[in-house]
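Take the sequence shown: its letter number 325 is residue 346 in my numbering, and every next letter is one higher.
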Amino acid sequence: MPGGFSPDDDLYAVLGVSESVTDKELKSAYRKLAQKWHPDTNRSDPEAEEQFKRINAAYDVLKDADKRREYDEFRRMVKSGAFRSGGPGGAHFTGQQVRYEDFSDLFGGGAFDDLLREFMSGAGQGGAGARSQRPRGPRRGGDVEATLHLSFRDAMSGVTTQVAVPGDYACDRCDGSGAEPGSDVRACPTCGGHGTVSETQGFFAFSRPCPDCGGVGMRIDKPCKQCHGGGTERRTRKVKVAIPAGVKDGARVRVKGRGEPGFGDAPAGDLYVRVHVAADPRFRRQGDDLRVSVKVPFETMALGGTVKAPTLDGDVTLKVARGTPAGRVMKVSGRGAPRSRGGGHGDLLVALDVDVPPDLPEDAAEALRHYADVVSRETA
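Shown next as structure tokens:
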């Protein structure tokens, strides 16, 4: 089920509300929790993102009237003990074992169809059923994440690099089939490829994993010597990723189709690269603008003149007006960070600081004392 829930979870408890909560109260509770657990504000907490996903998954069900009604009915049945997980092969209803199909019409293929399947198969209570088996039929590969650390300059210019991605990938020897090269993979003759066998006793149908294929639905006569029939192996691979110019610290860059491989003919998942950008000793980023401070001699601030300011690709010369106060910020259009969307660049914001020399030559000091005397007489 989305969000990592099991039948024992209470979606109302996840959001901290009662089952009689109103739509308005539900939305208010969700917003508070989403703000509290948002990954951008909890970067040091590795569990924040998973909790954020659980909150969103719970709200997605309870905010929808139809999904909420289905969930309330399922929740009532679980709490009443009307049925319980029976481990591999099905659930028990009033002492008899039943199949998923006997209850599926109640939910009409709705939001809890997957949860019901999981419960009836025993996976909801950690049974040894389908959770440990290879999936039957095509299934999209899972998404994976990787972390990339960049210097400020590389983030500004963009870079194509590689990231290390550990995971379960298709076995090199058998290409994911699980069979030794040259041998065949065929449907299990006992279950016809379904993975389960059934027998009927009166009103109820008993379903259990096929004893010959272990619930996989396939027969491998010669398991691959490298993956031992599993079809996958744990390894780390290098994936090329193009980081766009101007990427911000904390951004996630998606690389389509480079996640875990799909099963059957299903596509692979995606790779999400979390980018961390190092601070720069000169530039400070503000959105798409860059801010920098430059020291300007006192006489230039007082009399006017020019000063050089650094940019990402060389210095620019700025004209300083006579009598410019300390702290004045000058804008250089289009010389900031590259915009990740829409093209172009932000602006360069140059803060002017007075450069006071630690030691003045005697003649310069005398001239400054004379200046101070003149100013004192004129303001007296």
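Where a beta carbon is used, it is the ideal one built from N, C-alpha and C, also for glycine.
Alpha-carbon to alpha-carbon, residue j and residue i
| i | j | result |
| --- | --- | --- |
| residue 298 | residue 289 | 28 Å |
| residue 331 | residue 321 | 18 Å |
| residue 295 | residue 302 | 23 Å |
| residue 274 | residue 264 | 7 Å |
| residue 68 | residue 61 | 12 Å |
| residue 346 | residue 340 | 14 Å |
| residue 52 | residue 66 | 19 Å |
| residue 402 | residue 268 | Nothing in the structure corresponds to residue 402, since the chain is present only between 22 and 401. |
| residue 44 | residue 70 | 25 Å |
| residue 239 | residue 48 | 47 Å |
| residue 171 | residue 358 | 15 Å |
| residue 169 | residue 219 | 50 Å |
| residue 338 | residue 326 | 10 Å |
| residue 276 | residue 181 | 12 Å |
| residue 73 | residue 207 | 43 Å |
| residue 94 | residue 77 | 21 Å |
| residue 376 | residue 177 | 29 Å |
| residue 364 | residue 175 | 18 Å |
| residue 397 | residue 351 | 31 Å |
| residue 278 | residue 293 | 10 Å |
| residue 82 | residue 160 | 24 Å |
| residue 38 | residue 201 | 54 Å |
| residue 386 | residue 319 | 13 Å |
| residue 85 | residue 92 | 10 Å |
| residue 203 | residue 214 | 21 Å |
| residue 97 | residue 55 | 27 Å |
| residue 233 | residue 247 | 22 Å |
| residue 266 | residue 167 | 19 Å |
| residue 41 | residue 272 | 39 Å |
| residue 300 | residue 46 | 42 Å |
| residue 58 | residue 362 | 27 Å |
| residue 380 | residue 335 | 30 Å |
| residue 231 | residue 287 | 24 Å |
| residue 410 | residue 384 | Examination of residue 410 is not possible in this model, given that the chain is present from 22 through 401 alone. |
| residue 260 | residue 87 | 43 Å |
Buried/exposed call for residue i, threshold 16 Cβ in 10 Å
| i | result |
| --- | --- |
| residue 399 | exposed |
| residue 280 | buried |
| residue 391 | exposed |
| residue 119 | Low local confidence applies: a pLDDT of 42 at residue 119 is under 50, so the model's placement there is unreliable, with the coordinate-based value given in what follows. Residue 119 comes out buried. |
| residue 79 | buried |
| residue 317 | buried |
| residue 394 | exposed |
| residue 304 | buried |
| residue 382 | exposed |
| residue 173 | buried |
| residue 369 | buried |
| residue 378 | exposed |
| residue 236 | buried |
| residue 388 | exposed |
| residue 1 | With the chain covering 22 to 401 only, the question about residue 1 has no answer from this structure. |
| residue 132 | In this prediction, residue 132 has a pLDDT of 42, which is less than 50 and means its spatial position is unreliable; nothing more can be read from the coordinates. |
| residue 402 | No statement about residue 402 is possible, as the shown extent of the chain runs from 22 to 401 and does not include it. |
| residue 64 | exposed |
| residue 256 | exposed |
| residue 89 | buried |
Cβ separation of residue i and residue j, assumed to be a contact under 8 Å, to the nearest whole Å
| i | j | result |
| --- | --- | --- |
| residue 353 | residue 328 | Their Cβ separation, rounded to whole angstroms, is 12 Å, which puts residue 353 and residue 328 out of contact at 8 Å. |
| residue 217 | residue 228 | 5 Å |
| residue 192 | residue 245 | 6 Å |
| residue 186 | residue 165 | 6 Å |
| residue 314 | residue 270 | Residue 314 to residue 270, Cβ: 21 Å. No contact. |
| residue 162 | residue 282 | 5 Å |
| residue 311 | residue 367 | 7 Å |
| residue 36 | residue 50 | 5 Å |
| residue 324 | residue 349 | With a Cβ gap of about 15 Å, residue 324 and residue 349 do not count as contacting. |
| residue 309 | residue 356 | Actually they do not touch by this definition, with Cβ atoms about 11 Å apart. |
| residue 205 | residue 242 | 7 Å |
is_contact[residue i, chain B] using C-beta, thresh 8 Å
| i | result |
| --- | --- |
| residue 329 | Protein chain content of the structure displayed is limited to a single chain, and chain B is not contained in it. |
Notebook entry, point to check: Taking one C-beta from the stretch 251-271 and one from the stretch 193-208 each time, how about it: are there three or more such pairs within less than 8 Å?
Noted result: Between the stretch 251-271 and the stretch 193-208, the count of Cβ pairs shorter than 8 Å is three or higher; the stretches touch.
Next item on the list: Would you list, in sequence order, the uninterrupted alpha helix (DSSP H) runs of no fewer than 4 residues that lie entirely inside the stretch 366-395?
Entry: none
Item checked: Runs of beta strand (DSSP E) lying entirely within the stretch 227-264, each at least 3 residues, in chain order -> Those beta strand (DSSP E) runs which fall completely within the stretch 227-264 and span 3+ residues are 239-241, 253-264.
Item checked: alpha helix (DSSP H) runs wholly inside the stretch 152-193, at least 4 long, in chain order -> 173-178
Notebook entry, point to check: Taking the runs of the alpha helix (DSSP H) that are 4 residues or longer, which of them lie wholly in the stretch 315-361?
Noted result: 319-324
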